[in-house]
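For reference, the structure discussed in these notes is given below.
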Amino acid sequence: MLTIRWSWRIFLLPMLFLFLAQTNAAAFRPAPDVPRISIEQLKAKMDAGENIVIIDMRSDRDYQESNEKIKGAVRISVVELEDSSRALLKGKEIITYCS
19 MLTIRWSWRI FLLPMLFLFL AQTNAAAFRP APDVPRISIE QLKAKMDAGE NIVIIDMRSD
79 RDYQESNEKI KGAVRISVVE LEDSSRALLK GKEIITYCS
């Protein structure tokens, strides 16, 4: 009886690991319908004075602890972006980043 219990645990543990690894990997896949731009493309847009707004969507903690920030970017949380900021962003190309 003890052997059967351990057999199941030995089988289920790797399965659980694989499931969690796959779930985590899916969270970091880029959405296919959301365009991505390079740092060089963003810099070119900024240098050309294009009508863009850059939104830093990092968590408060990550934002405060970071020494790296894009000049001119605004810090807006996901909730704020969905609620009150739409008028501010109307007619502008929105560029978001979180890392």
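So for the sequence shown, my numbering puts the first residue at 19; every next one is plus one.
Glycine residues also receive a C-beta, built at the ideal position from the N, C-alpha and C atoms.
- Rounded to whole angstroms, Asp51 and Glu83 show a C-alpha spacing of 31 Å.
- Ranked by Cα distance from Lys110, the first of Glu68, Cys116, Tyr81 is Glu68.
- The Cβ neighbour count for Ile55, taken over all protein chains shown within 10 Å, is under 16; the residue is labelled exposed.
- Judged by their CB atoms, Leu99 and Val71 are not nearer to each other than the 8 Å cut-off.
- Look at Arg79 here: in three-state DSSP terms it is helix.
- Nearest to Asp74 by C-alpha distance, out of Val97, Leu30, Ala66, is Val97.
- A Cβ-Cβ distance of about 5 Å is found for the pair Cys116 and Arg76, placing them in contact under the 8 Å criterion.
- Leu30 has its alpha-carbon roughly 43 Å from the corresponding atom of Ile57.
- A distance below 7 Å between beta-carbons, with the five flanking residues on each side excluded, links Tyr81 to the following residues of its chain, in chain order: Asp74, Arg93.
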